[in-house]
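Using our numbering, read the sequence shown as starting at 44 and increasing by one per residue.
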Amino acid sequence: MHNQPDTLGIVIKSAREKAGITVEALGEKIGITERYLYRIENEGKKPRYDVLYKLIRELSIDSNEIFYPEKQSEDSEIGNLLRMLAVCDNRALQVIKATIQAFMDSFSAK
44 MHNQPDTLGI VIKSAREKAG ITVEALGEKI GITERYLYRI ENEGKKPRYD VLYKLIRELS
104 IDSNEIFYPE KQSEDSEIGN LLRMLAVCDN RALQVIKATI QAFMDSFSAK
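Shown next, in the form of structure tokens:
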């Protein structure tokens, strides 16, 4: 990982707050204690691989933010959208596609 010991915690905390999830709710969702998550976010604790995997998936974190934080991803917004789409079910994808199509239709009509 990166040289800065708190980079991982900052990325995870930022992603959790952006998602609007509390420490308690996230801990429960991925099967860890609030204290363990707090230590990861604020004290530089390095999580086990299985916990890191669950955090990345649950918070839709681009793993490059963790392993290559010095790189600025030019397409981070597109990457975030793709990660969110990857966890949608078929019905949600249909709604999203219809919404995008309606937006594009109204945009091109102007």
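Don't be surprised by glycine CBs; every beta carbon is placed ideally from N, CA and C.
Every value quoted in this text rests on a predicted model; they were computed, and no experiment measured them.
If you count every other CB in all the chains shown that lies within 10 Å of the CB of residue i, and 16 or more means buried, which is it?
{"i": "residue 104", "result": "buried"}
{"i": "residue 74", "result": "exposed"}
{"i": "residue 136", "result": "exposed"}
{"i": "residue 66", "result": "buried"}
{"i": "residue 120", "result": "exposed"}
{"i": "residue 143", "result": "exposed"}
{"i": "residue 125", "result": "exposed"}
{"i": "residue 141", "result": "exposed"}
Among the options, which one has its Cα closest to the Cα of residue i?
{"i": "residue 100", "options": "152, 85 and 58", "result": "58"}
{"i": "residue 109", "options": "127, 67, 89 and 120", "result": "89"}
{"i": "residue 80", "options": "96, 93 and 55", "result": "55"}
{"i": "residue 123", "options": "133, 141, 152 and 102", "result": "102"}
Closer than 8 angstroms by C-beta to residue i: which residues in its own chain qualify, once you throw out the five before and the five after it? Chain order, please.
{"i": "residue 76", "result": "70"}
{"i": "residue 139", "result": "128 and 131"}
{"i": "residue 82", "result": "88"}
Suppose the cutoff is 7 angstroms on Cβ atoms and the five residues either side in sequence are ignored; what does the same chain contact list for residue i look like?
{"i": "residue 85", "result": "52"}
- Task: Just list the alpha helix (DSSP H) runs in the stretch 64-137, keeping only unbroken ones of 4 residues or longer that don't cross its boundaries, in chain order.
- Result: 66-73, 77-85, 92-101, 106-110 and 119-129
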